[in-house]
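First comes the structure, then the notes that go with it.
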Amino acid sequence: MFDPYERDDRSTEGAPPRLIVEADGGSRGNPGHAGYGALVRDPDTGRILMEKAAYIGKASNNVAEYSGLVSGLELARDINPTASVHVKMDSKLVVEQMSGRWQIKHADMRVLAAKARKVLDPRRVTYEWIPRERNKDADRLSNEGMDAGMAGVEWKPRRVAEPQQEAVALSDEPRPAGRLHHVEVWTKDLKGADASLGWLLERLGFPRREAWDTGTSFGSDQFYVVLESGPDVADGAYDRRRPGVNHLAFSAGSRADVDLLTRRAASHGWSLLFPDRHPFAGGPDHYAAYLENEEGFEVELVAD
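Right, dumping it as structure tokens:
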């Protein structure tokens, strides 16, 4: 029989002794198409260590949120089964029930709550309710899970940097002299650029990195993209057809991934360029979506 307090002898060398789990779930219809998202964060650096999203079919919001909790605890266990874990969720119901202050009356949720308690020693898990605006990464993941499931495609995680990749960057191996370090995009409307281009960058595997009064950046120390505004930006509308950089192009996964991201982008300020030739506007052997936001910036999403 499984003992939730049984000692786990798996190696934890180098694993953080404390972990943050952020989880969320949603249902479009309640009950309806449902999915969840979960991630594990290093509390000292804020770096996302692992993340997961999944579609669970037709279910309620509460079942989806509990499913996200179970998944987040499983991710934390995979990183360090002996770590203390602090769970942050915007579901008051789940937080209060798992903290023991509210009763669990629904049978499906009792099953999921029991499953969550078996993942890790409950004595090492604490819970905190946070407002939805502070749970954006888990909310993003749950929506990605629902979108992928409803489109009939597999959800794929972002390219989260691994610790060993950072070690390679500090090694004595020769590095390409011309490696691109970062790209800076100047904008008259930082809020609008963040809502469209920032949203797209996060979904392409560029996590939000830094933010200040006149800008924000996305990516890692190896490569990042900056959105910058402020008094130094000259007056006048942006025009990609003038001399200079025309657009940014990103590898966006499979053809199905490109199609899914293109559909979602329409709700975040993007419109399709060259619709009469899409998705082969770049040629018969080049599957890609060309998108333009309200300010006129263009991006190209290229299929593998």
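In my numbering, the protein residues as written are 707 to 1010.
Glycine included, each C-beta is placed from N, C-alpha and C at the ideal position.
For the structure I just gave you, are there three or more beta carbon pairs, one from the segment 765 to 774 and one from the segment 796 to 812, closer than 8 Å?
yes
Buried or exposed for glutamine 803, going by 16 or more other Cβ atoms inside 10 Å?
buried
Got a sec? Which residues, its chain only, sit under 6 Å from histidine 739 by beta carbon, not counting five neighbours each side?
Met852 and Met856
Using only CA atoms, which one of Glu908, Glu998, Ala962 and Ser926 lies nearest to aspartate 1010?
Ala962
Unbroken beta strand (DSSP E) run spanning valine 727, endpoints
724 to 734
Coil, strand or helix - glutamate 860 by DSSP
coil
Residues in its own chain within less than 8 Å of isoleucine 785 by CB, not counting five upstream and five downstream?
Ala721, Pro722, Leu725, Val746, Leu755 and Met756
Below 8 Å on the Cβ atoms is my contact criterion, and I expect phenylalanine 929 with histidine 992 to pass it. Report the Cβ-Cβ distance as a whole number of Å.
23 Å between Cβ atoms; not a contact.
At what residues does the beta strand (DSSP E) containing asparagine 999 begin and finish?
994 to 999
Within the continuous beta strand (DSSP E) that includes glycine 738, where are the two ends?
738 to 747
Quickly, what does DSSP pair methionine 756 with across the bridge? List them, please.
Val746
Neighbour-count burial assignment, phenylalanine 956, 16 or more Cβ in a 10 Å radius
buried
Compare the C-alpha of alanine 819 against each of Ser790, Ala854 and Ala770 and name the closest.
Ala770
Inspect the CB distances between the segment 910 to 920 and the segment 940 to 954 and report whether three or more fall short of 8 Å.
no
If valine 791 sits next to arginine 830, beta carbons under 8 Å apart, how far is it from one beta carbon to the other, in whole angstroms?
6 Å
In three-state terms, what does DSSP make of isoleucine 785?
helix
Can you have a look at tryptophan 808 and say buried or exposed, based on whether 16 or more other CB atoms are within 10 angstroms of its CB?
exposed
Are the beta-carbon atoms belonging to aspartate 965 and alanine 995 less than 9 Å from one another?
yes
Residue environment, serine 977, which counts as buried when at least 16 other CB atoms sit within 10 Å:
exposed
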